[in-house]
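Participant: The listed protein sequences correspond, in order, to chains A and Y. Under numbering that gives the first Met the number 0, the first residue of the first sequence carries the number 0, and numbering increases by one thereafter. Under numbering that gives the first Met the number 0, the first residue of the second sequence carries the number 0, and numbering increases by one thereafter.
Number of protein chains: 2
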Amino acid sequence: MSLTKLYQHLEKIYHLNSISSLLSWDQETYMPEKAYAHRAKQMGVIAGLVHYYKTVELREILKDIPIHELHETDRLIVQKIQYDLEKWLKIPEKLAVEITEVSSQAQYHWDKAKKNNDFPLFAPYLSKLVSLKIEEANCLGYEDCPYDALLDHYENGLKSSDFERIIKPVVQQLYQKQSYEKPQHNPFHQFIPVAEQLAFANQFIQDLGFDFTRGRQDLSSHPFSNAISVHDVRITTRIHENDLQYMLYSTIHETGHALYELGLNDTLLGTPFSEPCSLTIHESQSRFWENNIGRSLPFCKFLARKLEEYLPKYFHNVNPYELFEVLNFVKPSLIRTESDEVTYHLHIALRFELEKALINQEISVQDLPALWNEKVSNYLGITPPNDTFGVLQDVHWSAGLFGYFPTYSLGSFYAAQIYLHLQSLFPDFDEQTEKGNFGFIHQWLKENIYSKGRLYFSHEILEQATGKPLEANAFLNYISSKITWV
Amino acid sequence: MSLTKLYQHLEKIYHLNSISSLLSWDQETYMPEKAYAHRAKQMGVIAGLVHYYKTVELREILKDIPIHELHETDRLIVQKIQYDLEKWLKIPEKLAVEITEVSSQAQYHWDKAKKNNDFPLFAPYLSKLVSLKIEEANCLGYEDCPYDALLDHYENGLKSSDFERIIKPVVQQLYQKQSYEKPQHNPFHQFIPVAEQLAFANQFIQDLGFDFTRGRQDLSSHPFSNAISVHDVRITTRIHENDLQYMLYSTIHETGHALYELGLNDTLLGTPFSEPCSLTIHESQSRFWENNIGRSLPFCKFLARKLEEYLPKYFHNVNPYELFEVLNFVKPSLIRTESDEVTYHLHIALRFELEKALINQEISVQDLPALWNEKVSNYLGITPPNDTFGVLQDVHWSAGLFGYFPTYSLGSFYAAQIYLHLQSLFPDFDEQTEKGNFGFIHQWLKENIYSKGRLYFSHEILEQATGKPLEANAFLNYISSKITWV
Chain A
0 MSLTKLYQHL EKIYHLNSIS SLLSWDQETY MPEKAYAHRA KQMGVIAGLV HYYKTVELRE
60 ILKDIPIHEL HETDRLIVQK IQYDLEKWLK IPEKLAVEIT EVSSQAQYHW DKAKKNNDFP
120 LFAPYLSKLV SLKIEEANCL GYEDCPYDAL LDHYENGLKS SDFERIIKPV VQQLYQKQSY
180 EKPQHNPFHQ FIPVAEQLAF ANQFIQDLGF DFTRGRQDLS SHPFSNAISV HDVRITTRIH
240 ENDLQYMLYS TIHETGHALY ELGLNDTLLG TPFSEPCSLT IHESQSRFWE NNIGRSLPFC
300 KFLARKLEEY LPKYFHNVNP YELFEVLNFV KPSLIRTESD EVTYHLHIAL RFELEKALIN
360 QEISVQDLPA LWNEKVSNYL GITPPNDTFG VLQDVHWSAG LFGYFPTYSL GSFYAAQIYL
420 HLQSLFPDFD EQTEKGNFGF IHQWLKENIY SKGRLYFSHE ILEQATGKPL EANAFLNYIS
480 SKITWV
Chain Y
0 MSLTKLYQHL EKIYHLNSIS SLLSWDQETY MPEKAYAHRA KQMGVIAGLV HYYKTVELRE
60 ILKDIPIHEL HETDRLIVQK IQYDLEKWLK IPEKLAVEIT EVSSQAQYHW DKAKKNNDFP
120 LFAPYLSKLV SLKIEEANCL GYEDCPYDAL LDHYENGLKS SDFERIIKPV VQQLYQKQSY
180 EKPQHNPFHQ FIPVAEQLAF ANQFIQDLGF DFTRGRQDLS SHPFSNAISV HDVRITTRIH
240 ENDLQYMLYS TIHETGHALY ELGLNDTLLG TPFSEPCSLT IHESQSRFWE NNIGRSLPFC
300 KFLARKLEEY LPKYFHNVNP YELFEVLNFV KPSLIRTESD EVTYHLHIAL RFELEKALIN
360 QEISVQDLPA LWNEKVSNYL GITPPNDTFG VLQDVHWSAG LFGYFPTYSL GSFYAAQIYL
420 HLQSLFPDFD EQTEKGNFGF IHQWLKENIY SKGRLYFSHE ILEQATGKPL EANAFLNYIS
480 SKITWV
């Protein structure tokens, strides 16, 4: 009875969070410009309610739960919820509401600033947000540094020192592996109007398994995936009319996120049974489809056929080897979301260093543009022409997502390990990919990743799924085999 | 201090209602199909919260307000709120939530039923909704019949007998005035693709005063205007590629609604100071732009120029007299929103009679299709080929809006009186309309209608604005002058 009450309570929070997701999706897609101030208020009202329900009210309800009498799944759920509650109780409602409201305003001003290359327009909102997130880190507590408290939101228990230990060495090795052999011909480089690109993308992601009765795709300033509910997962993309790849690979990335959300358990909503595990697992899914599958030669053969089928005006006799070459060409570039699989992690490293320094109060928001450009120059050997192509490119900081970036690298390592495991598990993996038969992959992911919800830690799910703990070498092996090919 | 608390509380309710509007807008425009069940839950959660805030909590806050010490506007606001509170307290939270959830589900099934001419699919949801609305009417109480309790939502104090007294005689007179002289040539009848029609509409409504930084226009199954907040008012339309009028005049109608919402006071949000007065005033604004302005000869001259300017591929040397003839051609038709200004009110009369009989439990939902067709045949002399063109055509019942329809007729009478008043007030009214100079109309409406909020009753606003109480003859005079022309 008290368990029923708990689950009903969590479902109510789930619906409120769904609403918050819709408010956010709308803000990034269709909201009229001058609605932004009220949108921040709307999000604040929901944030306040959610905070109250998941602290004060939840604590009362949890008191009556006889945890030692519960069956396994229920016990795992209640344990996670208790862990969450302790964390949530540390954050005052006022702070939670303020972070939500300022994030909403900051995103609006970031978008404007990005469009007009106007960092100073965005800076005051970012400063405010950084100081609120520092306050949050202090409320949460930490061992080594405030930034670690925020990292924990996206990957439970992850510390800056883990990033330095696991990811940095890989990044350093990758740094040696840059290849500059530019492909002779890029089939993606031709004029295709926005509407035709979007129509193509909408057909293509259905082939990957995206279900339009439970989701949709729109345009936005920065591509994202937003799970409004388990039956309403929306992704966005953006389009360059002279480069189909720009849209396509960001769309595939977001489709990977969406497939995860659409594949979660659809009972016990609002509990860890039906929630995504972590951002690391989330990014492992998006990066898996974008890179491990999406940039493989068998996939290029499949893609070549689909380009000819869906865009016959623009594609005939597509050479899949040319696609493969273009998609795996390693060259430092300015924009993270467009970068190749190798230099991508240099982008992550520089963001990690900057946001860590910001939250640990070693640098200030004013220092960001110059430090950004300096790091891009050091790591990638190129210089952003302006802040739009530099510090303003990503949505994350404006949304208050400090500590998110490392999960892209970690997720990529997870993805590589999952990919190599699947390759060994299914001898005809490449053959099926070439045919566009992804059903067996969906099924395996559903059983081994999606259905686990948030009942286990990321590393537990990885180990259960692949039989091994995380091996960063898996990623290096995977990437080396490709780079050699180029 | 207690007044500040009241206003803050009402503003919180305002933001929650805004969220509810967005959920509803999204459901009708972009929501993926299978999201509908969760959408109903989301709407239910908000409805429950709003109900609690505007009953239990509001009652507590109002106790501390020294009403006799307040200045005029504050006193008017508090008096209205006290009146509302008494009404709201009569409805149990459970019922409010259930009506919201069932409406959301009913709308989904109505849309499907309409598309597939499948009334039985919709019938169980409508039956459920009707019984919930009867329950609501019984909670609210009434003098003559349950239906009157619902009429009051849309026009305070309106009774069925008023409709019979004011509107029916006009309808009967109109019934004699049907004209069947079909225009020789209809310039709207040509193929214009959806995208071009929408682009034209978006340009054209800006000329009427619609501000795209504070609103937008999308496509939906049934056109509507939805004020998410005072700075975020969204309208929708629908398109026939072979008849521009079908889209255009519904768009102008919704623009009229939107101009009202966008022109409301933007302080003291959530109080009657910044709320629309009633559905009657609302419909007076939409019908004013759609008909009194929109079907006038000077407007046709303006429209002719704009068609040539914005759609040069399709329009040149447009004859405004031809437009006028087409727009004022009186002929019974099946669809209310496409009907002329005369037979329109026969559509309203039949809906009034049916919904009154439903709520007063004189007929059942199963009887509706046959009764609908019978009345259409009696009043209009034509027969719907199926339910899609009959009982399924309007969204209102699926949204639980029983008692709304009479305000269309009443609003039209208000609009005619306002129009004739403006004609006498501004001798160059027609000249300015022809030029597309609507600024003086906006200003007059702002001062005399919009800015009054909900501090007065509809009839008080009309009388203050035009110097006269409602005269149904104004509408008859207005319409007769036009029909004679045909």
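Ideal Cβ positions, reconstructed from N, Cα and C, are used throughout, including at glycine. Since the model is a prediction, treat every value here as computed from it, not as a measurement.
Spell out a yes or no on whether the segment 3–16 of chain A and the segment 199–212 of chain A are touching, meaning 3 or more CB-CB pairs, one atom from each, closer than 8 Å.
Facilitator: Flag = no, the segment 3–16 of chain A and the segment 199–212 of chain A do not touch.
Participant: If you measure between the beta carbons of residue 196 of chain Y and residue 204 of chain Y, is that distance less than 9 Å?
Facilitator: Against a cut-off of 9 Å, the Cβ pair of residue 204 of chain Y and residue 196 of chain Y comes out as no contact.
Participant: I want to verify the contact list: residues of chain A whose CB lies under 7 Å from the CB of residue 99 of chain Y, in sequence order.
Facilitator: Going along chain A, no residue has its Cβ under 7 Å from residue 99 of chain Y, so there is no contact; the nearest lies around 12 Å.
Participant: Does the beta carbon of residue 165 of chain A come closer than 9 Å to any beta carbon on chain Y?
Facilitator: Not closer than 9 Å to any Cβ of chain Y, the Cβ of residue 165 of chain A fails to qualify, so no.
Participant: Please determine if the segment 258–275 of chain A and the segment 451–464 of chain A are in contact, where contact requires at least 3 C-beta pairs separated by less than 8 Å.
Facilitator: Contact between the segment 258–275 of chain A and the segment 451–464 of chain A is present, because at least three Cβ pairs lie under 8 Å.
Participant: Can you give me the start and stop residues for the alpha helix (DSSP H) that residue 280 of chain Y sits inside?
Facilitator: Run containing residue 280 of chain Y: 278–286, per the alpha helix (DSSP H) assignment.
Participant: Do residue 77 of chain A and the ligand GTP come close, with the Cβ less than 8 Å from some heavy atom?
Facilitator: The ligand GTP is absent from the structure shown, which contains no ligands of any kind.
Participant: Is the beta carbon of residue 279 of chain A closer than 9 Å to that of residue 154 of chain A?
Facilitator: In contact: residue 154 of chain A and residue 279 of chain A (Cβ atoms closer than 9 Å).
Participant: Since I believe residue 365 of chain A is in contact with residue 136 of chain A (beta carbons under 8 Å), could you give me their beta-carbon distance rounded to a whole number of angstroms?
Facilitator: No, residue 136 of chain A and residue 365 of chain A are not in contact; Cβ-Cβ is about 20 Å, not under 8 Å.
Participant: Give me the residue from Y:2, Y:100, Y:52 and Y:291 with the minimum Cα distance to residue 70 of chain Y.
Facilitator: Minimum Cα distance to residue 70 of chain Y is reached at Y:2.
Participant: What do you get for residue 389 of chain A, buried or exposed, if any count of 16 or more other CB atoms within 10 angstroms of its CB means buried?
Facilitator: That one is buried.
Participant: For residue 284 of chain Y versus residue 414 of chain Y, is the C-beta spacing smaller than 9 Å?
Facilitator: Contact: yes.
Participant: Against chain Y, does residue 32 of chain A count as a neighbour if the rule is that its beta carbon must be under 9 Å from one of theirs?
Facilitator: With 9 Å as the cut-off, residue 32 of chain A counts as an interface residue toward chain Y.
Participant: Please confirm if residue 51 of chain A has its CB atom under 9 Å from at least one CB of chain Y.
Facilitator: Answer no: the Cβ-Cβ gap between residue 51 of chain A and chain Y never drops below 9 Å.
Participant: Please confirm whether residue 466 of chain Y has its beta-carbon closer than 9 Å to some beta-carbon of chain A.
Facilitator: So, not an interface residue.
Participant: Just to confirm, is the Cβ distance from residue 290 of chain Y to residue 324 of chain Y under 9 Å?
Facilitator: In this structure, residue 324 of chain Y does not lie closer than 9 Å to residue 290 of chain Y by Cβ.
Participant: Going along chain A in order, which residues have a C-beta closer than 8 Å to the C-beta of residue 29 of chain Y?
Facilitator: The answer, in chain order, is 29, 215 and 217.
Participant: Since residue 404 of chain Y meets chain A, which of its residues come closer than 8 Å, beta carbon to beta carbon?
Facilitator: Per Cβ cutoff of 8 Å: no residues; residue 404 of chain Y is ~30 Å from chain A at best.
Participant: If residue 149 of chain A sits next to residue 314 of chain A, beta carbons under 8 Å apart, how far is it from one beta carbon to the other, in whole angstroms?
Facilitator: Actually they are not in contact, since the Cβ atoms of residue 149 of chain A and residue 314 of chain A sit about 44 Å apart, beyond 8 Å.
Participant: So, is residue 320 of chain A buried or exposed, given that buried needs 16 or more other C-beta atoms within 10 angstroms?
Facilitator: Burial call: exposed.
Participant: Going straight from the alpha carbon of residue 159 of chain A to that of residue 91 of chain A, what length do you get?
Facilitator: Cα to Cα, residue 159 of chain A sits roughly 25 Å from residue 91 of chain A.
Participant: What did DSSP end up calling residue 239 of chain Y once you bin it into helix, strand or coil?
Facilitator: The answer is strand: DSSP assigns residue 239 of chain Y an E or B state.
Participant: Provide the residue(s) that pair with residue 234 of chain A in DSSP beta bridges, ordered along the chain.
Facilitator: Partner(s): A:216 and A:224.
Participant: What is the DSSP secondary structure of residue 42 of chain Y, reduced to helix, strand or coil?
Facilitator: Reduced to three states, the DSSP call for residue 42 of chain Y is helix.
Participant: Any idea if residue 130 of chain A is buried or exposed, counting beta-carbon neighbours within 10 angstroms, 16 or more meaning buried?
Facilitator: Per the 10 Å Cβ criterion, exposed.
Participant: Only counting the same chain, and skipping five residues up and downstream in sequence, which positions put a Cβ closer than 8 Å to that of residue 274 of chain Y?
Facilitator: Correct list, in chain order: 263, 452 and 453.
Participant: Please tell me whether residue 125 of chain Y and residue 95 of chain Y are closer than 9 Å, where the distance is taken between their beta carbons.
Facilitator: Not a contact, by the Cβ cut-off of 9 Å.
Participant: Going by beta carbon distance, what residues of the same chain come within less than 7 Å of residue 460 of chain A, once the five residues before and after it are set aside?
Facilitator: Within the same chain, residue 460 of chain A has close Cβ partners 276, 280, 448 and 451.
Participant: Under a three-way DSSP split, which group does residue 337 of chain Y fall into?
Facilitator: Helix at residue 337 of chain Y.
Participant: What are the residues in the segment 344–370 of chain A lying within 7 Å of chain Y by C-beta distance?
Facilitator: Result list empty, no residue passes.
Participant: Is the CB of residue 484 of chain A under 9 Å away from at least one CB in chain Y?
Facilitator: Any answer about residue 484 of chain A is weak, because its pLDDT of 40 lies below 50 and its placement is not dependable; what the coordinates show is given next. Not an interface residue.
Participant: Can you tell me where the alpha helix (DSSP H) with residue 133 of chain Y in it begins and where it stops?
Facilitator: Unbroken alpha helix (DSSP H) run through residue 133 of chain Y: 118–139.
Participant: Would you verify that the beta carbon of residue 237 of chain A is, or is not, closer than 9 Å to some beta carbon of chain Y?
Facilitator: Not closer than 9 Å to any Cβ of chain Y, the Cβ of residue 237 of chain A fails to qualify, so no.
Participant: Could you tell me whether any Cβ in chain Y is nearer than 9 Å to the Cβ of residue 286 of chain A?
Facilitator: Not one chain Y Cβ lies under 9 Å of residue 286 of chain A.
Participant: Using a Cβ-Cβ cut-off of less than 8 Å, list which residues of the segment 14–27 of chain A approach chain Y; keep chain order.
Facilitator: The residues in question are 14, 15, 17, 18, 21, 22 and 25.
Participant: Could you say if the segment 232–241 of chain A and the segment 186–202 of chain A meet the contact criterion of at least three C-beta pairs nearer than 8 Å?
Facilitator: Yes, the segment 232–241 of chain A touches the segment 186–202 of chain A.
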